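Residue 211 is where the sequence shown starts when you use this note's numbering, and the numbers rise one by one after that. Just so you know, even glycine gets a beta-carbon here, dropped at the ideal spot from N, CA and C. Since we're looking at a predicted model, the values are computed, not measured. Have a look at the structure below, then the notes.
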Amino acid sequence: MLLSPEVLSLFILNLIFLFFGMIAFLLSIKIFLKWDINSTTNIQYTLEKQSFLTATIIKYIFMIKLPLFLYFIFTLDKISSLLTGAMCAAGVVDATSYGTYLLVIKVINLYLFGFWLTLHYSDIKDENLPYTKLKFGLFIIIFFIFIFEIILESIMFSSIDISKMVDCCGTLYSSTSSSYISNIFLIDSKIILSLFYTNYFAIVVFYIFKKKFLFTLANLSFIIISIISLISFFGTYIYELPTHHCPFCFLQKDYYYVGYMIYSLLFIGTFNGLVVGFMGKTNYVDYKLSLLFNSLYVIIVSIYPVIYFLKNGVWL
211 MLLSPEVLSL
221 FILNLIFLFF
231 GMIAFLLSIK
241 IFLKWDINST
251 TNIQYTLEKQ
261 SFLTATIIKY
271 IFMIKLPLFL
281 YFIFTLDKIS
291 SLLTGAMCAA
301 GVVDATSYGT
311 YLLVIKVINL
321 YLFGFWLTLH
331 YSDIKDENLP
341 YTKLKFGLFI
351 IIFFIFIFEI
361 ILESIMFSSI
371 DISKMVDCCG
381 TLYSSTSSSY
391 ISNIFLIDSK
401 IILSLFYTNY
411 FAIVVFYIFK
421 KKFLFTLANL
431 SFIIISIISL
441 ISFFGTYIYE
451 LPTHHCPFCF
461 LQKDYYYVGY
471 MIYSLLFIGT
481 FNGLVVGFMG
491 KTNYVDYKLS
501 LLFNSLYVII
511 VSIYPVIYFL
521 KNGVWL
């Protein structure tokens, strides 16, 4: 079991989240089953007070989890120095069979908690509180995924064997790797780039014509295509190495921590894009934020190949 100060901090915070999350979960069940906005009973009055308490707990769990996710990535990168063969967070993720699944679950939970917050703020803006029952019903589902994340994180860190040699990112993210990631490198980079810019162009078009569901679907596919293109193409220009495809190394100091900005822009842009279709009422602020941050993401990742070409006169 690996217990560095960073990992211990994550364990302690998870226990705190679990305690308050359980309180929010139990109250959410009560509110979901008994809520009736048209009722004037003492039970309804009590539920209204409890709904504010529960919403506050959930809100602060998310507000802490968002920066904590970045801290989790930082922790993986920090403890990579303790594992033989690991050069960055990629080696730690691959050190057990749980790492990749944990990373995916954490990202899914970020989006789900974000959706819950969006639903919550839309609810409290209306005096009739139309989404109260829905938002607490949604949290009941999110809670189980949240618990699964905490258990999986504990298992992952407990399963790391520091005496065991792990693969470095250069091995994991290469065409010779036996992992499913290696399938990305079988696709021609021109095809990947065409899909990437076509997807972005679709987002712009659907923004102009305000096709909310198509806009949401375009943002959903943009998450996947952006990650694939970042690994297979744009990352090599950040590193200025044609064989280096790691999606973690540019989170390090050597690359000015640019990865944190890149991933943050992608999350904010696509999250707001998904919210457009998720909410019943059209919110044009979400449209604008999605287009703005997705555009910033596209500009930043695109500028690296351009700068490299201007400096060297060739493409990688």
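- Contact fails between the segment 425-444 and the segment 249-259, because fewer than three Cβ pairs, one in each stretch, are under 8 Å apart.
- A buried status is given to Asn-409, since no fewer than 16 other beta-carbon atoms sit within 10 Å of its beta-carbon.
- If you check the CB distance, His-455 and Ile-435 do not come in under 8 Å.
- For the segment 273-315, the continuous alpha helix (DSSP H) assignments of 4+ residues that do not extend past its boundaries occur at 299-303, in sequence order.
- For the options Ile-289, Ile-267, Lys-244, the alpha carbon positioned closest to that of Leu-220 is the one of Ile-289.
- Excluding residues up to 5 positions away in sequence, Phe-503 lie with their Cβ nearer than 6 Å to the Cβ of Ile-478 in the same chain.
- Burial is judged here by how many other beta carbons sit within 10 angstroms of a residue's own beta carbon; Asn-248 has fewer than 16 and is exposed.
- At a cut-off of 4 residues, the continuous stretches assigned as alpha helix (DSSP H) that sit fully inside the segment 420-456 are 422-439, 445-449.
- DSSP places Glu-359 in the uninterrupted alpha helix (DSSP H) bounded by 342-369.
- Sequence-distant partners of Ile-241 (beyond 5 residues in either direction) whose C-beta falls short of 8 Å from its own C-beta, in its chain, are Leu-257, Gln-260, Ser-261, Thr-264, Thr-342, Lys-343, Phe-346.
- Nearest Cα to Lys-521 within the set His-330, Leu-213, Glu-450, Phe-353: Glu-450.
- If you compare the alpha carbons of Ile-365, Gly-301, Gly-295, Phe-230 with that of Lys-269, the shortest gap goes to Phe-230.
- Apart from sequence neighbours up to five positions away, the residues of its chain that approach Tyr-311 with a beta-carbon distance below 7 Å are Leu-362, ordered along the chain.
- For Leu-405 against Leu-484, the beta-carbon gap comes to about 19 Å, at or over 8 Å, which does not count as contact.
- The C-alpha of Pro-215 lies about 21 Å from the C-alpha of Phe-458.
- Here Phe-458 carries a coil assignment [DSSP, helix/strand/coil].
- A Cβ-Cβ separation of about 23 Å leaves Val-511 out of contact with Asp-496 under the 8 Å criterion.
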